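Student:
Chains as they are written, first to last, in our numbering: chain A, 1 to 100; chain B, 1 to 479.
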């Protein structure tokens, strides 16, 4: 039996990697993968807590998160494809029409 | 099995959800005149508004305590449905003029309103999360609705990436709260949180959730998406988003923190104080340098987030909390009315080729369209908080609540930053009255109705502040 602390620690590390990825990477696809990593680290923590507490709430929540993340992917990828069509690049540093 | 009483607690929401789905199908058969879709969407919202108001005075929990119906939710939902209606009024002529008249606009808007309404009713963190996503995902699409225009696409992508980023914080926060208390239900969280000793996991969870909400309401330092998204998105979307998403974010913030985390108030008060002060100061100072009216109003929207946050700082003090809650709600209502008015004037001046958005384009507006210029003056004065406007009423109650809660310093920052804001708001007024220019304006009856009705409401409501205060004072949270 792996202690609960290990799960929480791992999820914390994954969350930090995800958050840093969003802040440091410049490709929206990679940024988006990092966001998924953040969501999945929360899922890991949820499932770990849920099994430690002998409850099902946490696992149900994970299903909701997965479903919503899928909906987000649909919108996000559509946006990225559309931007690639108009600009032929998706690097976020090139997106500088809006500033002031 | 859900009982009928469960459905009753979210009846307006259910009806609107069904209506939005049917509208998506019906739109396929509306081939030429997409205005019909707009009218059908507005009809759905009008029915929802009626159903929401018929719920006034009732309190109930539904679906095993996942959602609540109370005075707070009725007040906020009515405001949100109203902002949906105004959002359609702004869009009706605008989308035709800009060549983006597509039927799904209105369905997406309805779905977003559904999310906003659910946000005010959620009493479980799972529901808060689903409501937040239901409100956000349609807004990502709407922000990028003017596709093939790189600015709108850029706005959509920025909003999407930062919105999803903030969702990550919220979800991780919820996971930690669940781990600390063994429940996602707000009142259970309250019981566990107030019985035990101080719990590090719970505090970190609440702080992460605060970051997530902070992004949604555009509080400094989580505001960096706001100017870009507000500028790039189609103006009708910006108008809707700047009021609707803010109301929803604050509704969830108020409900979650007042219901579940009063015991964390000693830890969080200083953080909230700093957030409110920073948001007021930076929002107003950054707005001064803007020459684009959309960006200026975006920073003004950030600044107003700071003012509303001020009502939220004394949330843990049981004596002041009801007063400050009411003050926050009044300010949200005042801000919605004023903000929609200001954005409708911006839409009236915007040209299909993208001109008409600089502050210099407002030169001499008074000599061309006196009524429009006077309406804009009323909105700008209301945003500053000068009499005789609803903005003054809102600010008065906010500052009073802050002082009653013992946050005199915060109230002083609020007054000083309001004075700073007078500089950039009045600059537009000076341009409209003192300078010469040839401003181009466009007309459609719904837009004209919106700005004139909002201008009238901004002035008239300021003479009956008590009535508004009684209304907001009855908007209690169910605990």
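Beta carbons are placed, not taken as given, at the ideal position from N, Cα and C, and that holds for glycine. No experiment lies behind these values; they were computed from the predicted model shown.
If you check the beta carbons only, do residue 150(B) and residue 108(B) fall under 8 Å apart?
Tutor: Not a contact, by the Cβ cut-off of 8 Å.
Student: Got a sec? Which residues, its chain only, sit under 8 Å from residue 439(B) by beta carbon, not counting five neighbours each side?
Tutor: Excluding positions up to five away in sequence, the list reads 349, 356, 361, 362, 363, 364, 365, 368, 369.
Student: Taking 8 Å as the cut-off, does the stretch 318-327 of chain B touch the stretch 239-246 of chain B (at least 3 CB pairs, one atom from each stretch)?
Tutor: No, the stretch 239-246 of chain B is not in contact with the stretch 318-327 of chain B.
Student: Do you know how far the Cα of residue 337(B) is from the Cα of residue 468(B)?
Tutor: Going by the C-alpha atoms only, they are around 13 Å apart.
Student: Classify residue 185(B) as helix, strand or coil using the three-state DSSP reduction.
Tutor: Strand.
Student: Relative to the alpha-carbon of residue 428(B), which residue among 221(B), 293(B), 81(B), 33(B) has its alpha-carbon at the smallest distance?
Tutor: Per the Cα distances, 293(B).
Student: Would residue 295(B) pass as a contact of residue 231(B) if the rule is Cβ separation under 8 Å?
Tutor: For residue 295(B) and residue 231(B), yes; Cβs fall inside 8 Å.
Student: Determine, for residue 148(B), whether the minimum Cβ-Cβ distance to residues of chain E falls below 8 Å.
Tutor: This model lacks chain E altogether, as its protein chains are A and B.
Student: Quick check: the stretch 65-72 of chain A against the stretch 180-200 of chain B, are at least 3 beta-carbon pairs closer than 8 Å?
Tutor: No: fewer than three Cβ pairs fall under 8 Å.
Student: Which of the residues in the stretch 56-76 of chain A, read from start to end, lie with their CB under 8 Å from any CB of chain B?
Tutor: Residues passing the 8 Å Cβ filter: 57, 58, 60, 61, 64, 65, 68, 71, 72, 75, 76.
Student: What are the complete alpha helix (DSSP H) segments, minimum 4 residues, inside the stretch 81-131 of chain B?
Tutor: The stretch 81-131 of chain B contains these whole alpha helix (DSSP H) runs: 104-121.
Student: Determine, using beta carbons only, whether residue 116(B) and residue 248(B) come nearer to each other than 8 Å.
Tutor: Going by C-beta atoms, residue 116(B) is nearer than 8 Å to residue 248(B).
Student: Beta carbon of residue 424(B), beta carbon of residue 288(B): below 8 Å?
Tutor: Yes, these two residues count as a Cβ contact at 8 Å.
Student: Tell me whether the beta-carbon of residue 212(B) lies closer than 8 Å to the beta-carbon of residue 170(B).
Tutor: Yes, the pair counts as a contact, with Cβ atoms nearer than the cut-off.
Student: Under a CB-based cut-off of 8 Å, is residue 21(A) close to chain B?
Tutor: No, because no Cβ of chain B sits closer than 8 Å to the Cβ of residue 21(A).
Student: Can you find a CB in chain A that lies within less than 8 Å of the CB of residue 165(B)?
Tutor: By this cut-off, residue 165(B) is an interface position.
Student: Residue 84(B) and residue 244(B) look like a contact to me (Cβ under 8 Å); what is the Cβ gap, rounded to whole Å?
Tutor: That belief holds up - the Cβ atoms of residue 84(B) and residue 244(B) are roughly 7 Å apart, short of 8 Å.
Student: Answer yes or no: does any C-beta atom of chain A fall closer than 8 Å to that of residue 427(B)?
Tutor: By this cut-off, residue 427(B) is not an interface position.
Student: Please list the segments of the alpha helix (DSSP H) lying wholly inside the stretch 34-78 of chain B, counting only runs of 4 or more residues, in order along the chain.
Tutor: Complete alpha helix (DSSP H) runs here, min 4: 35-54.
Student: How would you write the range of the alpha helix (DSSP H) that residue 466(B) sits in, first residue to last?
Tutor: It spans 465-473 - the alpha helix (DSSP H) in which residue 466(B) sits, taken as one unbroken run.
Student: Considering Cα atoms alone, identify which of 184(B), 168(B), 93(B), 222(B) is closest to residue 123(B).
Tutor: Per the Cα distances, 184(B).
Student: Looking at chain B, is there any beta carbon in it that lies within less than 8 Å of the beta carbon of residue 97(A)?
Tutor: Yes, residue 97(A) counts as interfacial toward chain B.
Student: From residue 68(B) to residue 94(A), what does the alpha carbon distance come to, in whole angstroms?
Tutor: Near 46 Å, if we compare the C-alpha coordinates of residue 94(A) and residue 68(B).
Student: Once you ignore the five residues that flank residue 21(A) on each side, which residues in its own chain have a CB closer than 6 Å to its CB?
Tutor: Once the five neighbours on either side are set aside, the close Cβ partners of residue 21(A) are 34.
Student: Listed in chain order, which residues of the stretch 213-226 of chain B have Cβ atoms closer than 7 Å to some Cβ of chain A?
Tutor: Of all residues in the stretch 213-226 of chain B, none has a Cβ within less than 7 Å of some Cβ in chain A.
Student: How many angstroms separate the CA atom of residue 8(A) from the CA atom of residue 45(A)?
Tutor: If I take the Cα positions, the gap works out to 6 Å.
Student: Taking the beta carbon of residue 307(B) as the centre, do at least 16 other beta carbons fall within 10 Å, making it buried, or is it exposed?
Tutor: Classification for residue 307(B): buried.
Student: If I measure Cβ to Cβ from residue 152(B) and keep anything under 8 Å in the same chain, skipping five residues before and after, which residues do I get?
Tutor: Result list for residue 152(B): 143, 144, 145, 146, 232, 233, 234, in chain order.
Student: Do residue 23(A) and residue 41(A) count as a contact pair if the criterion is CB distance below 8 Å?
Tutor: Contact flag unset, no.
Student: Can you find a C-beta in chain A that's less than 8 Å from the C-beta of residue 355(B)?
Tutor: Chain A, which has no Cβ nearer than 8 Å to the Cβ of residue 355(B), makes this no.
Student: Within a Cβ cutoff of 7 Å, which residues of the same chain sit near residue 70(B), ignoring the five residues on either side of it in sequence?
Tutor: The residues are 59, 476, 477, 478.
Student: Could you please give the first and the last residue of the uninterrupted alpha helix (DSSP H) stretch that includes residue 306(B)?
Tutor: Here the alpha helix (DSSP H) through residue 306(B) covers 293-312.
Student: Helix, strand or coil, according to DSSP, for residue 358(B) in the structure here?
Tutor: Residue state, collapsed to three classes: strand.
Student: Let's test the definition: count the other Cβ atoms within 10 Å of the Cβ of residue 63(A) and tell me whether it reaches 16, buried, or not, exposed.
Tutor: The residue is exposed, with fewer than 16 neighbouring Cβ atoms inside 10 Å.
Student: So which residues of chain A does residue 184(B) contact, with C-beta pairs closer than 9 Å?
Tutor: Those are 57, 58, 61, listed as they occur along chain A.
Student: Nearest CA to the CA of residue 327(B): which residue from 264(B), 56(B), 473(B)?
Tutor: Residue 327(B) has its Cα closest to that of 473(B), out of 264(B), 56(B), 473(B).
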